[in-house]
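Data first, discussion second: the structure below is written as structure tokens.
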Ligand code: ADP
Ligand code: MG
């Protein structure tokens with residue numbers, strides 16, 4: 100999009116700034132500064148305060164001071180050593196020390212018997228006051244050239260504070276005067292927050308009067324952080340509107356097949372499930388593309404929501420694909436869907452990367468010919484060789500295992516594609532807006548009625564023997580259990596060793612109990628065979644790695660034992676625990692901690708014992724980990740902000756979201772004067788790419 104003329108100077112070349120050469124440019128790039136404007140959005144992190152002193156004294160040692168002095172004597176050296184200039188404040192002798200100065204320069208700037216203002220850090224050396232390298236030496240008339248308060252930036256080697264400060268001031272001059280006639284923050288917000296305009300806020304931050312001006316709470320910083328968040332939310336909404344521009348056909352649901360499947364269900368759907376399905380149906384019946392996130396705790400029944408979405412599309416003869424993170428889960432969903440769809444005239448197929456060549460070829464053919472209605476698979480679904488006849492809906496299960504990029508790639512796949520993503524990871528609202536601000540969100544808040552609370556206990560590994568003998572009784576009473584082996588950092592090989600070791604112990608103490616192992620190294624067929632047997636009840640204890648973490652659903656299994664539980668993240672433990680408590684039987688989760696566990700580690704496990712809701716657990720997890728890395732690896736892909744601080748600026752993010760929605764609702768293509776104001780903001784915040792998604796003319 101063409102940049103408005105008035106902003107040209109802010110996007111000019113760095114070379115044009117006074118004091119900037121090619122070497123500095125290299126260093127500025129390291130600071131993320133590529134154009135003059137970038138200086139303005141790099142805020143000072145602290146202040147240097149210069150204190151006016153009449154005469155020096157011990158109290159002010161190590162402070163930065165401004166002094167009026169008279170030059171007494173030049174002590175030039177013949178050899179290479181510091182030059183020391185003797186001066187007086189009228190009462191005390193002070194030495195000004197220079198290491199690399201030329202004699203001529205000294206004579207010019209500090210002539211004998213003349214008065215000057217100097218500034219620098221006051222020090223004491225062998226009973227004498229001294230200032231090493233005064234940072235300002237000014238004549239009596241130029242006192243105001245020495246700033247009493249100077250912002251300090253966090254910089255890199257090769258860029259001095261002075262050079263940086265000078266650049267900032269040059270660029271503040273380049274800020275077009277007319278910029279203030281483009282206020283993009285709405286009046287209501289501006290007044291409620293008592294904010295000043297954009298230019299004045301920037302100027303104040305770079306010429307702070309007190310430390311408050313540059314603090315997180317500074318009203319000047321808040322305004323600019325809001326600007327950044329507003330531009331971000333606007334760009335999400337613009338992209339979203341654009342994705343809706345390719346109109347798709349309305350799908351009028353016949354309910355012919357979905358009614359049939361409803362009858363087959365051994366239970367009725369929960370209120371939340373019904374609500375989600377209704378929301379999806381409404382999306383499908385519109386000409387705008389669907390872009391919806393379904394959030395529901397582990398065990399809340401997301402799979403059936405996906406099934407109904409796919410059926411609604413199939414009733415209109417469209418194909419839909421369900422993508423899951425593991426082969427085991429793909430298999431499980433496939434067989435689950437098969438039982439509902441096979442005599443309903445719906446063709447369900449499975450496609451994974453590890454399928455045999457012949458089988459895969461056949462499946463690809465069925466997908467291409469359009470004979471397959473529901474296609475379930477891993478990321479293999481979106482490899483080059485897979486051609487769909489009429490793909491209309493894509494669902495991603497366990498989205499947090501895939502990352503944001505894959506989601507964004509998908510939306511570009513087919514012009515008329517509807518997209519549904521499902522996740523069990525509770526997302527705090529801040530991250531929800533920052534990460535999914537462009538999506539509609541449905542939440543499954545209630546669990547199936549028949550669920551009982553899972554009993555969670557925490558035991559020491561010293562008590563494993565006791566646990567094993569109890570397990571013997573439980574299994575003899577018909578229960579099935581998962582036994583999760585410790586998470587081992589150095590890879591699958593040692594994980595295997597751990598599994599084998601545990602297996603031989605369990606076999607020894609539990610003779611007549613059928614125990615099998617499940618791990619990532621097994622072939623597809625082996626895994627699928629083991630899972631089917633476990634599902635059918637012919638295996639009683641499944642000794643597994645975290646391959647069972649996501650999605651696995653065996654309602655009869657009602658005990659899960661997790662070894663060295665302290666090594667897992669809380670969210671992960673919650674997911675693992677969610678493998679039980681899926682049927683009518685009372686379930687137990689036993690967390691075993693190792694003998695070398697820390698107190699803090701045990702405390703974390705306590706959280707799991709006390710809370711059974713994924714959202715509470717995520718919040719506690721956040722608190723316990725502190726502010727250091729609140730987001731965690733699963734949430735990577737979060738946009739980086741230059742000014743805004745997502746933890747501190749939560750409220751601003753909500754405001755920005757609210758205001759951006761209002762702006763786009765009233766002025767979708769950013770027309771007229773109000774629209775022009777917003778366009779200026781998007782240019783300033785480097786989000787002008789989204790402008791190309793707007794309708795022109
Ligand atoms: P998740 O949300 O973790 O993906 P699933 O879709 O795997 O949960 O569902 C968990 C279990 O609950 C499955 O066994 C499923 O058949 C069962 N289930 C789903 N919906 C209901 C319901 N409305 N009533 C009873 N059981 C249900
Ligand atoms: Mg699931």
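In our numbering, the protein residues as written are 100 to 796.
Note that beta-carbon positions come from the ideal geometry of N, C-alpha and C, so glycine has one too.
Item: Beta-carbon proximity check, residue 322 vs residue 754, cutoff 8 angstroms; Value: no
Item: Spatial distance of residue 579 from residue 384 (CA atoms); Value: 43 angstroms
Item: Near the ligand ADP: residue 635 beta-carbon under 7 angstroms from a heavy atom; Value: no
Item: Cβ separation of residue 516 and residue 491, assumed to be a contact under 8 angstroms, to the nearest whole Å; Value: 7 angstroms
Item: Span separating the alpha-carbon of residue 295 from that of residue 133; Value: 27 angstroms
Item: 4 or more residues per run - each alpha helix (DSSP H) lying fully within the segment 651-708; Value: 669-676
Item: Residue burial classification, residue 177 (beta-carbon count within 10 angstroms, cutoff 16); Value: exposed
Item: Heavy atom of the ligand ATP within 7 angstroms of residue 652 beta-carbon; Value: Ligands in the displayed structure: the ligand ADP and the ligand MG; the ligand ATP is not one of them.
Item: Straight-line gap, residue 487 to residue 404 (C-alpha atoms, nearest Å); Value: 23 angstroms
Item: C-alpha gap between residue 568 and residue 710, whole angstroms; Value: 28 angstroms
Item: Residues near residue 265 by beta carbon distance below 6 angstroms, same chain, minus five either side; Value: 118
Item: Heavy atom of the ligand ADP within 7 angstroms of residue 372 beta-carbon; Value: yes
Item: Identity of the residues DSSP links to residue 743 by a beta bridge; Value: According to DSSP, residue 743 bridges with nothing at all.
Item: Proximity below 8 angstroms, CB of residue 262 to CB of residue 236; Value: no
Item: Heavy atom of the ligand ADP within 7 angstroms of residue 276 beta-carbon; Value: no
Item: Of the listed residues 165, 271 and 195, nearest to residue 244 (C-alpha basis); Value: 165
Item: Nearest to residue 702 (by Cα), restricted to the options 679, 666 and 675; Value: 666
Item: Pairwise C-alpha distance: residue 715 and residue 631; Value: 34 angstroms
Item: Distance CB(residue 394)-CB(residue 474) smaller than 8 angstroms; Value: no
Item: Sufficient close CB pairs (3 or more, under 8 angstroms) joining the segment 377-392 to the segment 455-468; Value: no
Item: Enclosing beta strand (DSSP E) for residue 250 [first to last residue]; Value: 248-251
Item: Where residue 396 falls, given that 16 or more other Cβ within 10 Å makes a residue buried; Value: buried
Item: Those runs of the alpha helix (DSSP H) which lie wholly inside the segment 286-317 and span at least 4 residues; Value: 286-292 and 297-305
Item: Option in 785, 577 and 206 with minimal Cα separation from residue 655; Value: 577
Item: Boundaries of the alpha helix (DSSP H) in which residue 560 is found, first to last residue; Value: No alpha helix (DSSP H) contains residue 560, which DSSP labels as neither H nor E.
Item: Alpha carbon of residue 290 to alpha carbon of residue 673, nearest angstrom; Value: 45 angstroms
Item: Check whether residue 251 and residue 146 have beta carbons under 8 angstroms apart; Value: yes
Item: Member of 742, 627 and 671 whose CA lies at the smallest distance from the CA of residue 429; Value: 627
Item: Same chain, Cβ closer than 6 angstroms to residue 415, neighbours up to 5 away in sequence not counted; Value: 350
Item: Every unbroken alpha helix (DSSP H) within the segment 431-496, with a cutoff of 4 residues, ordered by chain; Value: 456-468
Item: Per-residue DSSP class, three states only, for residue 353; Value: coil
Item: Buried versus exposed call for residue 293 [16 or more other C-beta atoms within 10 Å across all chains shown]; Value: exposed
Item: Beta-carbon proximity of residue 585 to residue 662, cut-off 8 angstroms; Value: yes
Item: Simplified DSSP assignment, three categories, for residue 283; Value: coil
Item: Secondary structure of residue 380, DSSP reduced to three states; Value: helix
Item: Distance cut-off 7 angstroms: residue 426 Cβ against heavy atoms of the ligand MG; Value: no
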